[in-house]
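Data first, discussion second: the structure below is written as structure tokens.
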Amino acid sequence: MEALSLLPINSLTNNSTANYISLTATSNYASLSSLQLPPSCTTRTLTLKSVVRVQAESEDYELKQMRDMAAARKRWEALIRDGKVKVLTPREAGYAVQLSNKPLLDVRPSNEHNKAWVRASTWIPIFDVDKGLDPGTIPRKITNFVMGGWWSGMPTLSYDSQFLAKVSEKFSKDTELIVACQKGLRSLAACELLYNAGYQNLFWVQGGLEAADEEDLAVEGPVPLKFAGIGGVSEFLGWTDQQRAAAAKEGWGYRLVFSARLLGVVLLADALYIGAQQIGRYIQDIKTH
Numbered sequence: 001m002e003a004l005s006l007l008p009i010n011s012l013t014n015n016s017t018a019n020y021i022s023l024t025a026t027s028n029y030a031s032l033s034s035l036q037l038p039p040s041c042t043t044r045t046l047t048l049k050s051v052v053r054v055q056a057e058s059e060d061y062e063l064k065q066m067r068d069m070a071a072a073r074k075r076w077e078a079l080i081r082d083g084k085v086k087v088l089t090p091r092e093a094g095y096a097v098q099l100s101n102k103p104l105l106d107v108r109p110s111n112e113h114n115k116a117w118v119r120a121s122t123w124i125p126i127f128d129v130d131k132g133l134d135p136g137t138i139p140r141k142i143t144n145f146v147m148g149g150w151w152s153g154m155p156t157l158s159y160d161s162q163f164l165a166k167v168s169e170k171f172s173k174d175t176e177l178i179v180a181c182q183k184g185l186r187s188l189a190a191c192e193l194l195y196n197a198g199y200q201n202l203f204w205v206q207g208g209l210e211a212a213d214e215e216d217l218a219v220e221g222p223v224p225l226k227f228a229g230i231g232g233v234s235e236f237l238g239w240t241d242q243q244r245a246a247a248a249k250e251g252w253g254y255r256l257v258f259s260a261r262l263l264g265v266v267l268l269a270d271a272l273y274i275g276a277q278q279i280g281r282y283i284q285d286i287k288t289h
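For what it's worth, UniProt numbering labels the leading residue of the sequence shown as 1, then goes sequentially.
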């Protein structure tokens, strides 16, 4: 599933589950504070409180994301079902761009767009890489990294509040506009925003640009379009679905590169482990003498 930071639009107001977690955490704090602990346990108690608080906040954030995603999917399905947004396959989108000169709006973040893009498309990201280091952003980046960002390479994204203004500068509201992203989720979010802003001739690329075959679209960039959405450790080791599919076509020569990388990682981990053991023994010898 495509990682997605949902817009705070029409989000659910029922926070009973989040409130339950918050209440449970508060109860734990109260119970801990009522215990008569010796001074040596004070630091440990404070650490435990911090862990419980961080865990509760993380669970609260995840539950809110799940509720927002469920609500958004219902809205998006209604847009498609009611014909307010029309559906195109990647091949149909390619025909529309190349033969009918219909504009294609690429709403992917910069980390995906910079790897591969459709020739003559217009790039206006609805979400882009969050490069901020303010107190509100750092916890989100840590959560994203821990929850799989290290593996998938997906950075923390933030909504561009100027998205609609930037689109309106390029396209009038009667434009027949094709909207696409890597896997199809962010482009649906963009279609909802654009439709609510008055754009009535919207086309959504089903499955995203990742679902396109090589001959469907005229593509530019350093990597194939299918590889634009992968990254992190999974890409380095060649363990993504896109790379497995490529390996099935390319054969053993393609797989050998990633097998060598995996072997290198194993050897490096062993070397670090042995080195840590040696350093530990050396420190122990210094203490004993």
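Even glycine gets a Cβ: it sits at the ideal position worked out from N, Cα and C.
Since the model is a prediction, treat every value here as computed from it, not as a measurement.
Neighbourhood of residue i by C-beta, 8 Å cutoff - its chain only, sequence neighbours within 5 removed
{"i": "Leu88", "result": "Ala96, Ile178, Phe203, Trp204, Val205, Gln206"}
{"i": "His113", "result": "Asp106, Trp123, Pro125, Ala228"}
{"i": "Ile279", "result": "none"}
{"i": "Ile230", "result": "Ser152, Gly153, Thr240, Gln242, Gln243"}
Where residue i falls, given that 16 or more other Cβ within 10 Å makes a residue buried
{"i": "Gly132", "result": "exposed"}
{"i": "Ala271", "result": "exposed"}
{"i": "Gln182", "result": "buried"}
{"i": "Ser259", "result": "exposed"}
{"i": "Ser161", "result": "exposed"}
{"i": "Asp68", "result": "buried"}
{"i": "Val167", "result": "buried"}
{"i": "Arg73", "result": "exposed"}
{"i": "Ser121", "result": "buried"}
{"i": "Arg81", "result": "exposed"}
{"i": "Gly148", "result": "exposed"}
{"i": "Gly136", "result": "exposed"}
Reference residue i, options the options, closest by Cα
{"i": "Pro155", "options": "Lys170, Phe127, Asp213", "result": "Phe127"}
{"i": "Leu209", "options": "Val85, Asp106, Met66, Leu63", "result": "Asp106"}
{"i": "Glu92", "options": "Asp130, Asp213, Pro139, Leu157", "result": "Asp213"}
{"i": "Trp150", "options": "Gly232, Lys86, Ala247", "result": "Gly232"}
{"i": "Trp76", "options": "Gly184, Ser121, Pro135, Lys170", "result": "Gly184"}
{"i": "Val265", "options": "Leu79, Asp60, Gln284, Gly238", "result": "Gly238"}
Sequence-distant residues of its chain with Cβ nearer than 7 Å to residue i (five each side left out)
{"i": "Tyr282", "result": "none"}
{"i": "Ala211", "result": "Pro90"}
{"i": "Phe236", "result": "Arg261"}
{"i": "Pro222", "result": "Lys115"}
Cα-Cα separation between residue i and residue j, rounded to whole angstroms
{"i": "Ser152", "j": "Gln243", "result": "13 Å"}
{"i": "Asp174", "j": "Lys84", "result": "13 Å"}
{"i": "Ile274", "j": "Lys287", "result": "20 Å"}
{"i": "Gln65", "j": "Tyr195", "result": "23 Å"}
{"i": "Phe171", "j": "Leu268", "result": "52 Å"}
{"i": "Ser234", "j": "Lys115", "result": "17 Å"}
{"i": "Thr143", "j": "Leu188", "result": "25 Å"}
{"i": "Leu104", "j": "Gln277", "result": "57 Å"}
{"i": "Leu99", "j": "Leu225", "result": "21 Å"}
{"i": "Leu263", "j": "Ala245", "result": "21 Å"}
{"i": "Glu169", "j": "Leu193", "result": "15 Å"}
{"i": "Asp134", "j": "Asn101", "result": "43 Å"}
{"i": "Arg119", "j": "Val219", "result": "5 Å"}
{"i": "Asp216", "j": "Glu250", "result": "20 Å"}
{"i": "Leu79", "j": "Ala71", "result": "13 Å"}
{"i": "Arg186", "j": "Asp60", "result": "23 Å"}
{"i": "Tyr199", "j": "Val257", "result": "47 Å"}
{"i": "Tyr159", "j": "Gly94", "result": "27 Å"}
Cβ neighbours of residue i in the same chain (closer than 6 Å, five flanking residues each side left out)
{"i": "residue 301", "result": "Absent from the model: residue 301. The displayed extent of the chain is 1 to 289, so no value can be given."}
{"i": "Val146", "result": "none"}
{"i": "Cys191", "result": "Val85, Val179, Leu202, Trp204"}
{"i": "Ala197", "result": "Leu164"}
{"i": "Ala247", "result": "Tyr254, Arg255"}
{"i": "Val129", "result": "Pro109, Ser110, Asn111, Pro155"}
{"i": "Lys141", "result": "Thr156"}
{"i": "Trp252", "result": "none"}
Beta carbon proximity, residue i to chain C, threshold 8 Å
{"i": "Ala116", "result": "Of the protein chains in the structure, only one exists, and it is not chain C."}
inquiry  = Going residue by residue through the segment 190-238, where are the continuous beta strand (DSSP E) segments of at least 3 residues, counting only ones entirely within it?
reply    = Runs of the beta strand (DSSP E) inside the segment 190-238: 202-205.
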